[in-house]
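J.: Structure provided below as structure tokens; questions to follow.
2 protein chains.
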Amino acid sequence: MLLINQLSKQTSIPIHTIRFYEKTGLFQGKKNPEKKSNNYNYYDEETIEKLELIGAAKMIGFTLAEIKELIEVWYSKQISKKDKIEILNQKAASIDEKIKQLKQVKKQIDLFIKEVEEFDC
Amino acid sequence: MLLINQLSKQTSIPIHTIRFYEKTGLFQGKKNPEKKSNNYNYYDEETIEKLELIGAAKMIGFTLAEIKELIEVWYSKQISKKDKIEILNQKAASIDEKIKQLKQVKKQIDLFIKEVEEFDC
DNA sequence: GGCAACATTAGACTATACTTCATACTTCAT
DNA sequence: ATGAAGTATGAAGTATAGTCTAATGTTGCC
């Protein structure tokens, strides 16, 4: 179990940002019941996974609200198999859509580069 | 030449947003020198193009600052061919990078869907 | 000439995602 | 035991990207 400082170092995510994510409900640290003198939060390996997922999902344009939903599906034991698969398929589809859009714009930029190379002398 | 209302209708971008983009420096309307009684802004076809570019670039996660740079390259007559190509290549590379990341996450989600389908009964 | 529909500006307000600050407590090395 | 470093909490501040309001002026049509 890691303290927030270690967690930050292992994920390269600033402490303040981690706290912000925690407050947003993306995950929760656990208090140590044996140590009642402090109320430090302890984080498990799953939290590292979650932070990595957050990083990846953010990079591709998901909002924290969407990521929260994704995490809930990913780790929930309560959500039915059917619902899980549906939400995951939705996310997968939205990623495909984004890839399509990116390729479209890439093509346009490549064309424009050619244009510049040939005519704009 | 279009007034802002027409521009908004043709691009499906709200008037307020168009004004915001203009204030941000993504493009500029022109005053009509023959009509000195008002100071309405008139927009040309190029502005429609630019707004479409903004829409596409935003969709793939470019910030307005990046888009501004892209538009400046796209339409500037002052920037050298070499610089234009360099900036465009940078944007193209960042799109490739994003596509790579998206594919990565897509793969992870697909794997997880399989996992859920097989084991989480 | 009067009224609806459109235009402009400045400024206030919102949401998202942080980021910093202030205060106060805890742990650890010397 | 004391000071540096780490932790918690709440609240304020920042940046980006809008979105809305108010006050005021303009145009077009009956």
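Residue numbers (this note's numbering), protein chains in the order written: chain A, 1 to 121; chain B, 1 to 121.
For every residue, glycine included, the Cβ atom is placed at its ideal position computed from N, Cα and C.
Tell me which same chain residues have a C-beta within less than 8 Å of the C-beta of A:Arg19, skipping the five on either side of it?
T.: Hits under 8 Å: Ile4.
J.: In angstroms, rounded to a whole number, what distance separates the CA positions of A:Val116 and B:Glu66?
T.: The alpha-carbon atoms of A:Val116 and B:Glu66 are separated by roughly 19 Å.
J.: Give the secondary structure of B:Leu2 by DSSP, where H, G and I count as helix, E and B as strand, and everything else as coil.
T.: Three-state DSSP puts B:Leu2 in a strand.
J.: Hey, could you find the ends of the alpha helix (DSSP H) B:Gln108 is sitting in?
T.: Unbroken alpha helix (DSSP H) run through B:Gln108: 81 to 119.
J.: Kindly indicate which three-state DSSP category B:Lys35 falls into: helix, strand or coil?
T.: It is coil, neither helix nor strand.
J.: What span of residues does the alpha helix (DSSP H) with A:Leu51 cover, start to end?
T.: Counting along the chain, the alpha helix (DSSP H) containing A:Leu51 begins and ends at 45 to 59.
J.: With burial defined as no fewer than 16 other Cβ atoms inside 10 Å of the residue's Cβ, what is the status of B:Tyr43: buried or exposed?
T.: Buried.
J.: By alpha-carbon positions, which one of B:Lys35, B:Gln108, B:Lys68 ends up nearest to B:Lys23?
T.: Here the closest residue by C-alpha is B:Lys68.
J.: Please name the residue in B:Asn38, B:Leu53, B:Leu102, B:Ser94 whose C-alpha comes closest to that of A:Asp96.
T.: Checked all of B:Asn38, B:Leu53, B:Leu102, B:Ser94; the closest Cα to A:Asp96 is B:Leu102.
J.: Would you mind stating whether A:Tyr40 and A:Asn32 have Cβ atoms separated by less than 8 Å?
T.: A contact, by the Cβ cut-off of 8 Å.
J.: Does DSSP classify B:Lys77 as helix, strand or coil?
T.: The answer is coil: DSSP assigns B:Lys77 none of H, G, I, E or B.
J.: Any C-beta of chain B sitting closer than 8 Å to the C-beta of A:Gln6?
T.: Closer than 8 Å: no.
J.: Quick check: A:Gly55 and A:Lys98, are their CB atoms within less than 8 Å of each other?
T.: No, Cβ-Cβ distance for A:Gly55 and A:Lys98 is not below 8 Å.
J.: Sort out for me which residues DSSP pairs A:Tyr42 with in a bridge.
T.: Partner(s): A:Lys30.
J.: What distance in whole Å lies between the Cβ atoms of B:Leu53 and B:Ile71, which are believed to be in contact at a cut-off of 8 Å?
T.: Yes, they are in contact, since the Cβ atoms of B:Ile71 and B:Leu53 sit about 7 Å apart, within 8 Å.
J.: Apply the 10 Å Cβ neighbour rule to B:Thr11 and answer buried if 16 or more other Cβ atoms are within range, or exposed otherwise.
T.: B:Thr11 is buried by the Cβ-count criterion.
J.: Using only the alpha-carbon positions, how far apart do A:Ala92 and B:Asp110 sit?
T.: Those two C-alpha atoms are separated by around 7 Å.
J.: Is the CB of A:Ala65 under 8 Å away from at least one CB in chain B?
T.: False, the Cβ-Cβ gap to chain B never drops below 8 Å.
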